[in-house]
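Numbering (the working numbering), first residue to last: 460 to 565.
We put the beta carbon where it would ideally sit given N, CA and C, even for glycine.
Keep in mind the model is a prediction, meaning the values are calculated, not measured.
Written out below as structure tokens is the structure these notes cover.
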Amino acid sequence: YTSSIPSAASKECSFYQKIRKTLYVYWTNTSYGHLDQIRVDLEKAYKGQQEFVRMADGSIIDTMWIPSENSERCSDSPTVMFCNPNGVFYETFVYDGSWLEFYSEQ
């Protein structure tokens, strides 16, 4: 006798398979371009530079450094760090740069 009710393990497996499939579709969909291409657009539009910050535990954080427009020296300008994924991929600022414009004008 086999039960027609799926077990908790198979439900969990199915859930993770759906997540994996959704992420695969998201990462391979190029409707808006690849993140690499969008990152280059961000670098060109805001004179940005991709940087990697190594943390004390050895993990590496992908960041984008964008200089302030109103300061001649980096040490005189405020620093705001946008990291991936910090609620949003920083590459998406190409499409809505209001945060970047606000901080770079300080």
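**Item:** Alpha carbon of I464 to alpha carbon of F474, nearest angstrom
**Value:** Summary for I464: the model assigns pLDDT 49, below 50, so the residue's position carries little reliability, and this model does not support an answer.
**Request:** Following the continuous beta strand (DSSP E) through E510, name the residue where it begins and the one where it ends.
**Result:** For E510, the enclosing beta strand (DSSP E) starts and ends at Q508 to R513.
**CA-to-CA distance, Q509 to E560, given in whole angstroms** = Roughly 18 Å separates the two Cα atoms.
**Request:** Report back the beta-carbon spacing between F541 and Y549 to the nearest angstrom; my notes put them in contact at under 8 Å.
**Result:** About 4 Å separates the beta carbon of F541 from that of Y549, a gap short enough to meet the 8 Å contact definition.
**Request:** Use the C-beta contact count for I520: other C-beta atoms within 10 angstroms, 16 or more gives buried, fewer gives exposed.
**Result:** Exposed: under 16 other Cβ atoms inside 10 Å.
**Message:** The alpha helix (DSSP H) that contains D495, what's its start and end?
**Reply:** Note, D495: alpha helix (DSSP H), L494 to Y505.
**Request:** Reducing DSSP to helix, strand and coil, say where I520 ends up.
**Result:** I520: strand per DSSP, three-state reduction.
**Prompt:** What is the C-beta distance between I525 and G507, in whole angstroms, given that I count them as a contact (C-beta under 8 Å)?
**Reply:** Going by Cβ atoms, the distance from I525 to G507 rounds to 4 Å, so yes, they are a contact pair.
**Request:** Using the DSSP secondary-structure output, state which residues sit across from F541 in a beta bridge.
**Result:** According to DSSP, F541 bridges with M523.
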